[in-house]
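Enquirer:
In our numbering, the protein residues as written are 3 to 256.
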């Protein structure tokens with residue numbers, strides 16, 4: 003059996019209970035060494051074989067999985083955050099399907115959730131933003147033309163930008179071209195929930211200079227939108243004493 007496991011945002015104690023159990027039981031662990039906290043390997047049992055996929059190709063990863071399966075061993079494929087976001091899991095699963103090898107997924111805490119916790123931030127403030135756009139700049143991995151930064155910026159929703167720390171000047175320019183103003187609040191969160199986490203509040207126009215000043219070149223994500231400063235928002239209806247719900251009678255007129 004292959005278990006795709008989300009390692010969480012960074013801190014080793016943010017893995018799920020199920021994910022920790024799989025790590026403790028695994029005979030083979032293949033982990034994304036460029037991003038996964040190595041402290042998670044402390045959960046492994048004696049004799050567990052460990053592979054760092056940062057130095058491996060897809061074919062090499064699959065060969066380890068297939069060999070383990072032939073030997074009747076249980077494998078954990080440990081991905082950063084939640085594997086469903088930028089985890090490159092579909093290409094692994096498709097081959098496993100072809101070979102008839104069983105697998106499942108164990109979700110994890112994504113770094114965009116970890117970044118919000120680092121800032122004590124709510125992405126969906128009433129009358130400010132009720133939507134979160136998760137995207138990235140095009141690099142060696144392209145982004146579909148219909149998903150351009152400019153087109154997303156036009157919505158003025160909360161935006162979380164992954165995998166783009168080295169392109170912040172271009173990101174700022176494209177955000178402004180799409181509709182954000184240069185003084186729109188923004189944040190850079192470096193290694194959310196890790197011991198060396200760093201948070202920087204800035205604006206769309208100062209993303210690049212902020213990262214340069216703080217010596218942030220990778221392993222960060224950017225949050226764009228008015229929720230970053232959260233100065234003005236409407237109170238939630240859910241806890242408004244005048245608002246009735248299925249569980250509570252409000253004092254206001256229906």
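The C-beta atom is built at its ideal place from N, Cα and C for all residues, glycine as well. Values in this document were obtained by computation on a predicted structure and should not be read as measured data.
Name, in chain order, the residues that DSSP records as bridge partners for residue 54.
Expert: Per DSSP, 33.
Enquirer: Answer yes if the segment 140-149 comes into contact with the segment 110-120, meaning at least three C-beta pairs across the two stretches below 8 Å, and no otherwise.
Expert: Verdict: no, contact absent.
Enquirer: Cβ atoms of residue 165 and residue 138: under 8 Å apart, would you say?
Expert: Contact flag set, yes.
Enquirer: For residue 214 versus residue 202, is the C-beta spacing smaller than 8 Å?
Expert: No.
Enquirer: Pull up the CB-CB distance for residue 103 and residue 6, whole angstroms please, since I reckon it's below 8 Å.
Expert: Wrong, their Cβ atoms sit about 12 Å apart, outside the cutoff.
Enquirer: How many angstroms separate the CA atom of residue 236 from the CA atom of residue 206?
Expert: Approximately 24 Å between the Cα atoms of the pair.
Enquirer: For residue 245, which residues in the same chain have their Cβ closer than 8 Å to its Cβ, ignoring the five residues on either side in sequence?
Expert: Hits under 8 Å: 239, 252, 254.
Enquirer: Going straight from the alpha carbon of residue 26 to that of residue 181, what length do you get?
Expert: Looking at the two C-alpha atoms, the distance is approximately 49 Å.
Enquirer: Just checking my contact of residue 230 with residue 184 at CB under 8 Å: how many whole Å lie between their CB atoms?
Expert: No, residue 230 and residue 184 are not in contact; Cβ-Cβ is about 14 Å, not under 8 Å.
Enquirer: For residue 200, write down the residues that DSSP places opposite it in a beta bridge.
Expert: According to DSSP, residue 200 bridges with 192.
Enquirer: Thinking just about the alpha-carbon of each residue, which of 45, 58, 10, 40 is nearest to the one in residue 23?
Expert: Taking only the C-alpha atoms, the option nearest residue 23 is 45.
Enquirer: Mapping DSSP to helix, strand and coil, what is residue 115?
Expert: Correct three-state label for residue 115: helix.
Enquirer: Thinking C-alpha only, which one of 32, 223, 48, 75 is nearest residue 62?
Expert: Closest by alpha carbon: 32.
Enquirer: Give the DSSP bridge partners of residue 232, in chain order.
Expert: For residue 232, which the question treats as bridged, DSSP gives no partner whatsoever.
Enquirer: Nearest-angstrom Cα distance between residue 97 and residue 142?
Expert: C-alpha separation (whole angstroms): 23 Å.
Enquirer: Considering only the alpha carbon of each residue, which of 200, 196, 247 lies closest to residue 13?
Expert: Here the closest residue by C-alpha is 196.
Enquirer: Looking only at its own chain, which residues have a Cβ that is under 8 Å from the Cβ of residue 41, when we skip the five neighbours before and after it?
Expert: Only 14 meet the Cβ criterion.
Enquirer: By DSSP, does residue 187 sit in helix, in strand, or in coil?
Expert: Strand at residue 187.
Enquirer: Taking C-beta to C-beta, are residue 54 and residue 74 nearer than 8 Å?
Expert: No, these two residues do not count as a Cβ contact at 8 Å.
Enquirer: DSSP puts residue 18 in a beta bridge; with which residues?
Expert: Answer is none; residue 18 lacks a bridge partner.
Enquirer: Specify the secondary structure class of residue 145 as computed by DSSP and reduced to three states.
Expert: DSSP places residue 145 in coil when its eight states are reduced to three.
Enquirer: Using only alpha-carbon positions, find the residue among 159, 124, 123, 122 that is nearest to residue 136.
Expert: The shortest Cα separation from residue 136 among 159, 124, 123, 122 belongs to 159.
Enquirer: Please go through the same chain and pick out, in chain order, the residues whose beta-carbon is closer than 7 Å to the beta-carbon of residue 174, but skip the five residues on each side of it.
Expert: Taken in chain order, the residues that qualify are 206, 207, 209, 210.
Enquirer: Thinking C-alpha only, which one of 30, 37, 192, 3 is nearest residue 10?
Expert: Nearest option by C-alpha distance: 37.
Enquirer: Using 10 angstroms around the beta-carbon of residue 94, count the other beta-carbons present and answer buried if the total reaches 16, otherwise exposed.
Expert: Looking at its Cβ environment, which holds 16 or more other Cβ atoms inside 10 Å, residue 94 is buried.
Enquirer: Flag residue 239 as yes when its Cβ comes closer than 7 Å to any non-hydrogen atom of the ligand GTP, and as no otherwise.
Expert: Summarising the ligand content, the structure contains no ligands, and the ligand GTP is consequently not present.
Enquirer: Mind checking which residues open and close the alpha helix (DSSP H) that includes residue 215?
Expert: Taken as a continuous stretch (DSSP letters only), the alpha helix (DSSP H) holding residue 215 covers 209-215.
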